[in-house]
Amino acid sequence: MAAEKNESVLAERLDSLFRSSRPEGRPWTNDEVAARLKDANPKLRVSGAYLSALRNGKRERPSHELLTALAHFFGVQPAYFFDQTYADQALTQLALLDELHQAGVRSIALRAAGLPPESLNAVMSVLDEIRKLQGLPPVEE
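Numbering-wise (the UniProt record's numbering), the sequence shown opens with residue 1 and increments by one.
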């Protein structure tokens with residue numbers, strides 16, 4: 001029973017990584033991830049079908065090398081697959097990054113990078129006014 005729970009946890013966590021990591025606003029496909037993993041490590045044995053089986057809980061116990069490669073690919077530590085606290089923190093951070101990306105915040109930040117402090121203050125003032133006009137609460141630093 002405990003092994004079954006661990007396998008479903010692995011499937012859920014892996015699937016969450018696929019759903020929350022979104023290149024160009026869309027989720028990765030199994031085949032895309034498998035191809036990227038093989039490009040990074042040609043000796044790694046992985047396919048889109050195998051990743052699908054892992055995500056659905058139909059396959060279990062992937063190799064340590066594959067779990068490490070998946071963690072690296074998605075920008076988490078291998079502990080993500082075993083440690084609930086770390087997994088929760090990682091998913092929260094990934095969700096926040098996705099929200100920022102979806103909201104266009106990254107685009108605004110890229111345009112603001114390198115501006116002198118007085119220009120950044122002017123941009124923040126304009127954004128504060130727009131928030132106020134939209135009925136949004138002020139931003140607490």
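For glycine and all other residues, C-beta sits at the position ideal for the given N, C-alpha and C.
Per the Cβ contact rule, the stretch 25-44 is not in contact with the stretch 79-88 (fewer than 3 Cβ pairs under 8 Å).
Your pair residue 69 and residue 41 checks out as a contact, with CB atoms roughly 6 Å apart and the cut at 8 Å. Between residue 8 and residue 57, the beta carbon gap of about 5 Å places them in contact (Cβ cut-off 8 Å). Note on the UniProt domain "HTH cro/C1-type" (43-81): whole alpha helix (DSSP H) runs with a minimum of 4 residues are 48-55 and 64-74, in chain order. In the three-state DSSP reduction, residue 8 falls in the helix class (H, G or I). Ranked by Cα distance from residue 11, the first of 53, 20 and 123 is 53. Looking at 73, 121 and 20, the one whose alpha-carbon comes closest to that of residue 95 is 20. Secondary structure of residue 41 (DSSP, three-state): coil. When DSSP states are grouped into helix, strand and coil, residue 107 belongs to the helix group.
Inclusion of residue 105 and residue 90 in the CB contact set at 8 Å is not warranted, their separation being larger than that value. Per the coordinates, the alpha-carbon of residue 29 lies some 8 Å from the alpha-carbon of residue 18. For residue 119, the enclosing alpha helix (DSSP H) begins and ends at 117-133. Inclusion of residue 14 and residue 46 in the CB contact set at 8 Å is not warranted, their separation being larger than that value.
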